[in-house]
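For the sequence shown, the positions run 10 to 114 when this note's numbering is used.
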Amino acid sequence: MRIRFPLAAAVALAATGAVAHGPAAWIQNGHYRNLSGSHEECCGPHDCSSIAARDVEVRPDGYLIRPLGILVPVNQAQASEDQTYWICRKPDGSMRCFFIPNVGA
(Lines of atoms letter the chains of each structure in order from A and count residues from 1; the text may use other names and numbers.)
(Lines give C-alpha, C1' and ligand atoms only; values in the text may rest on other atoms or scores of the structure.)
Protein backbone atom coordinates (compact mmCIF):
# COMPACT_ATOMS: atom_id res chain seq x y z
CA MET A 1 0.00 0.00 0.00
CA ARG A 2 2.79 2.45 0.78
CA ILE A 3 4.35 1.97 -2.64
CA ARG A 4 1.07 2.59 -4.45
CA PHE A 5 0.17 5.78 -2.59
CA PRO A 6 3.12 7.89 -3.85
CA LEU A 7 2.45 6.66 -7.38
CA ALA A 8 -1.23 7.53 -7.09
CA ALA A 9 -0.38 10.95 -5.67
CA ALA A 10 2.03 11.65 -8.52
CA VAL A 11 -0.58 10.62 -11.10
CA ALA A 12 -3.19 12.82 -9.41
CA LEU A 13 -0.85 15.83 -9.40
CA ALA A 14 0.02 15.29 -13.05
CA ALA A 15 -3.67 15.07 -13.94
CA THR A 16 -4.36 18.31 -12.08
CA GLY A 17 -1.64 20.05 -14.08
CA ALA A 18 -3.09 18.71 -17.31
CA VAL A 19 -6.50 20.11 -16.46
CA ALA A 20 -5.06 23.55 -15.75
CA HIS A 21 -3.21 23.72 -19.07
CA GLY A 22 -4.90 21.17 -21.31
CA PRO A 23 -8.39 22.32 -22.28
CA ALA A 24 -7.43 25.56 -24.03
CA ALA A 25 -3.83 24.70 -24.88
CA TRP A 26 -4.77 24.35 -28.56
CA ILE A 27 -5.50 28.08 -28.63
CA GLN A 28 -2.03 29.00 -27.40
CA ASN A 29 -0.26 26.29 -29.38
CA GLY A 30 -2.06 27.27 -32.59
CA HIS A 31 -0.93 30.89 -32.28
CA TYR A 32 -4.43 32.11 -33.03
CA ARG A 33 -4.89 35.84 -33.45
CA ASN A 34 -8.01 37.95 -33.08
CA LEU A 35 -9.96 39.04 -36.11
CA SER A 36 -10.85 42.54 -34.95
CA GLY A 37 -8.03 44.33 -36.74
CA SER A 38 -5.25 44.38 -34.14
CA HIS A 39 -4.36 40.74 -34.85
CA GLU A 40 -3.00 40.25 -31.33
CA GLU A 41 -2.53 36.69 -30.13
CA CYS A 42 -5.50 35.18 -28.36
CA CYS A 43 -3.10 34.01 -25.65
CA GLY A 44 -3.19 30.86 -23.63
CA PRO A 45 -5.14 28.71 -21.24
CA HIS A 46 -5.25 31.26 -18.42
CA ASP A 47 -6.76 33.96 -20.65
CA CYS A 48 -9.41 31.73 -22.22
CA SER A 49 -12.44 30.02 -20.78
CA SER A 50 -15.09 27.77 -22.19
CA ILE A 51 -18.70 28.88 -22.40
CA ALA A 52 -21.68 26.56 -22.16
CA ALA A 53 -23.67 26.43 -25.39
CA ARG A 54 -26.82 27.34 -23.44
CA ASP A 55 -25.18 30.69 -22.57
CA VAL A 56 -24.61 31.67 -26.22
CA GLU A 57 -27.44 32.99 -28.37
CA VAL A 58 -26.75 32.76 -32.10
CA ARG A 59 -28.21 35.82 -33.80
CA PRO A 60 -28.06 37.22 -37.33
CA ASP A 61 -25.67 39.96 -36.15
CA GLY A 62 -23.42 37.71 -34.08
CA TYR A 63 -23.15 35.68 -30.92
CA LEU A 64 -24.56 37.05 -27.68
CA ILE A 65 -22.68 35.72 -24.68
CA ARG A 66 -25.49 36.19 -22.18
CA PRO A 67 -23.60 35.99 -18.84
CA LEU A 68 -21.05 38.57 -20.03
CA GLY A 69 -23.40 40.77 -22.05
CA ILE A 70 -20.99 40.67 -24.98
CA LEU A 71 -22.16 40.57 -28.61
CA VAL A 72 -19.44 39.14 -30.84
CA PRO A 73 -19.87 40.04 -34.52
CA VAL A 74 -20.05 37.08 -36.90
CA ASN A 75 -16.84 38.14 -38.64
CA GLN A 76 -14.88 37.90 -35.36
CA ALA A 77 -15.77 34.27 -34.60
CA GLN A 78 -13.22 31.56 -35.29
CA ALA A 79 -13.58 27.79 -35.52
CA SER A 80 -13.05 25.90 -32.29
CA GLU A 81 -10.76 22.88 -32.54
CA ASP A 82 -12.61 21.05 -29.78
CA GLN A 83 -16.19 21.95 -30.77
CA THR A 84 -16.72 24.14 -27.69
CA TYR A 85 -17.42 27.85 -27.35
CA TRP A 86 -14.37 29.71 -25.96
CA ILE A 87 -13.67 33.34 -25.17
CA CYS A 88 -10.23 34.81 -24.57
CA ARG A 89 -10.14 38.10 -22.72
CA LYS A 90 -7.70 40.84 -21.90
CA PRO A 91 -6.91 41.74 -18.28
CA ASP A 92 -9.56 44.50 -18.45
CA GLY A 93 -12.20 41.90 -19.36
CA SER A 94 -12.64 42.94 -22.98
CA MET A 95 -12.63 40.24 -25.64
CA ARG A 96 -9.55 39.17 -27.56
CA CYS A 97 -10.89 36.12 -29.39
CA PHE A 98 -14.05 34.07 -29.64
CA PHE A 99 -14.26 30.48 -30.88
CA ILE A 100 -17.39 28.65 -31.99
CA PRO A 101 -18.14 24.98 -32.65
CA ASN A 102 -19.29 23.44 -35.92
CA VAL A 103 -18.22 26.22 -38.29
CA GLY A 104 -19.31 25.29 -41.79
CA ALA A 105 -21.08 22.14 -40.62
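Cβ atoms here follow ideal geometry from the backbone N, Cα and C, with glycine treated the same way.
Fair warning: this is a prediction, and the values are worked out from it, not measured in the lab.
For D64, the closest alpha carbon among the candidates I74, C57, S58, H40 is that of I74.
About 14 Å separates the beta carbon of V83 from that of M104, a gap too long to meet the 8 Å contact definition. Contact between the segment 65–72 and the segment 40–57 is absent, with fewer than three C-beta pairs closer than 8 Å. A34: member of the alpha helix (DSSP H) spanning 34–38, first to last residue. Counting along the chain, the unbroken beta strand (DSSP E) around E66 starts and ends at 65–68.
For S58, the enclosing beta strand (DSSP E) covers residues 57–60.
If you ignore the 5 residues before and after C106, its C-beta comes within less than 7 Å of the C-beta of Y41, N43, C51, Q87, C97, all in its own chain and listed in chain order.
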